[in-house]
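Asker: Pasting in a structure now, in C-alpha cells, and then I'll have a few things to ask.
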Amino acid sequence: MRNIVLIGFMGTGKTTIGRLLANRLGRPFIDSDKKIEYENGMSIREIFNTYGETYFRQQERSMIARLSHYNSTVIAAGGGVVLSAENMVRLKRNGVIIALTASTETILERTGRRNTRPLLDDFEKREQIVNKLLKERMELYQKADCHIDTSNSSPQQVINEIMFFLRQGGYLRGRS
Ligand code: S3P
Numbered sequence: 623m624r625n626i627v628l629i630g631f632m633g634t635g636k637t638t639i640g641r642l643l644a645n646r647l648g649r650p651f652i653d654s655d656k657k658i659e660y661e662n663g664m665s666i667r668e669i670f671n672t673y674g675e676t677y678f679r680q681q682e683r684s685m686i687a688r689l690s691h692y693n694s695t696v697i698a699a700g701g702g703v704v705l706s707a708e709n710m711v712r713l714k715r716n717g718v719i720i721a722l723t724a725s726t727e728t729i730l731e732r733t734g735r736r737n738t739r740p741l742l743d744d745f746e747k748r749e750q751i752v753n754k755l756l757k758e759r760m761e762l763y764q765k766a767d768c769h770i771d772t773s774n775s776s777p778q779q780v781i782n783e784i785m786f787f788l789r790q791g792g793y794l795r796g797r798s
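Each residue of the sequence shown is one higher than the one before, starting from 623 at the first, in the working numbering.
Below, the structure written as C-alpha cells:
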C-alpha cells in the first residue's frame with residue numbers, strides 16, 4: 623500500500639493530523655523532523671543554530687530518501703520538504719500527497735504558541751516572513767494530490783475530509 627504523505631506550511635497541522643490519521647487507519651506514523659531530531663540528538667532549532675539550514679536540508683533529503691521506501695505509512699514531512707524537487711519525486715513514487723493549508727492568521731497563531739521554528743525567530747517580522755515564504759512556496763504545495771484547509775476545522779473534520787479523499791481515490795482499497 624502507498625504511503626500517505628502530509629505536506630504543508632508550518633502550523634497547518636501535519637503532525638497532529640498525521641498522528642490521528644495513522645491511528646484511524648491502524649498504520650504506523652512517522653514525523654520526518656522528529657526522526658531527524660532523534661538521529662542527530664538535537665532539536666531542529668539546535669541543528670539550524672549549530673550547522674545551518676543547508677545542513678538541515680541535506681539531512682531532510684536523506685531522511686526523505688529513506689522514508690520513501692516505506693510502505694503503508696503515514697508520513698508528516700517538514701514544511702520545507704517541497705523546496706527539493708528530488709524529495710517530491712521520491713515521495714510521489716510510493717505515496718499519495720496531501721497538502722494541508724491554513725490562513726496566514728491561523729499559521730501565525732499556531733506557530734506563535736511554541737518557539738520551535740528557527741525560520742520564524744524574528745518576532746517583529748514574523749508576519750512578513752510567513753507571507754514571503756508562503757508566496758515562494760504556494761506553487762510547490764499546489765502540486766499535491768489533494769488540498770485541505772485546516773484553518774476553521776477540528777482535527778476530526780480534517781481527518782474525515784482526508785478519509786473521504788482517500789476512499790474516493792481508491793487509496794485504501796483492501797483496507798479500512
Ligand atoms: C521548516 C518547517 C519545520 C522544520 C524546519 C523548517 C520549513 O517543520 O522542518 O523548521 O522550512 O518550513 P514544520 O512544518 O513541521 O514546522
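From the three backbone atoms N, C-alpha and C, an ideal C-beta is built for every residue, glycine too.
Among residues of its own chain, excluding the 5 on either side of Thr-728, which ones have a beta-carbon nearer than 6 Å to its beta-carbon?
Answerer: Excluding positions up to five away in sequence, the list reads Ser-773.
Asker: Below 8 Å on the Cβ atoms is my contact criterion, and I expect Asn-645 with Asn-716 to pass it. Report the Cβ-Cβ distance as a whole number of Å.
Answerer: For a cut-off of 8 Å, the C-beta gap from Asn-645 to Asn-716 is around 21 Å, too long to register as a contact.
Asker: Starting from Ala-644, trace the alpha helix (DSSP H) in both directions and tell me its first and last residue.
Answerer: Residues 636-647.
Asker: If the criterion is Cβ atoms closer than 8 Å, does the pair Val-718 and Asp-771 meet it?
Answerer: no
Asker: Bridge partners for His-769 per DSSP, in chain order?
Answerer: Ala-721
Asker: If I follow the unbroken alpha helix (DSSP H) through Leu-628, where does it start and stop?
Answerer: It is not in any alpha helix (DSSP H) - Leu-628 instead sits in the beta strand (DSSP E) that spans 625-630.
Asker: Check Asp-744 in the structure and name its three-state DSSP category.
Answerer: coil
Asker: Mapping the DSSP letters down to three states, classify Ser-798 as helix, strand or coil.
Answerer: With a pLDDT of only 41 at Ser-798, under the threshold of 50, the placement of this residue in the model should not be trusted, and no figure is reported.
Asker: Give every residue of the same chain whose Cβ lies closer than 7 Å to the Cβ of Ser-725, excluding the five residues on either side of it in the sequence, and list them in chain order.
Answerer: Ser-773
Asker: Taking 8 Å as the cut-off, does the stretch 645-659 touch the stretch 681-692 (at least 3 CB pairs, one atom from each stretch)?
Answerer: The answer is yes - the stretch 645-659 touches the stretch 681-692, with three or more Cβ pairs under 8 Å.
Asker: Residues in its own chain within less than 6 Å of Asp-696 by CB, not counting five upstream and five downstream?
Answerer: As written in the sequence, residue 696 is Val, which differs from the Asp given in the question. Excluding sequence neighbours, Val-696 sits near Ile-626, Gly-640, Leu-643, Ala-644, Arg-649, Phe-651.
Asker: If you measure between the beta carbons of Met-710 and Lys-765, is that distance less than 8 Å?
Answerer: Contact annotation: Met-710 and Lys-765 have beta-carbon atoms nearer than 8 Å.
Asker: Can you give the Cα-Cα distance for Arg-797 and Gln-750, rounded to whole angstroms?
Answerer: Model confidence at Arg-797 stands at a pLDDT of 46, short of 50, so the residue's coordinates are unreliable; what they give is reported in the following sentence. So the two alpha carbons sit approximately 44 Å from each other.
Asker: Can you tell me which residues form a DSSP beta bridge with Phe-651?
Answerer: Bridge partners of Phe-651 according to DSSP: Val-696.
Asker: Confirm the yes/no value for this check: CB of Arg-685, any heavy atom of the ligand S3P, distance under 7 Å.
Answerer: Sequence inspection shows Met at residue 685; the Arg mentioned does not correspond to that position. Because no heavy atom of the ligand S3P lies under 7 Å away, the Cβ of Met-685 does not count as near it: no.
Asker: Is Ile-720 near Ile-658, with beta carbons less than 8 Å apart?
Answerer: no
Asker: Measure the Cβ-Cβ separation of Leu-794 and Leu-722 and say whether it is below 8 Å.
Answerer: Contact: no.
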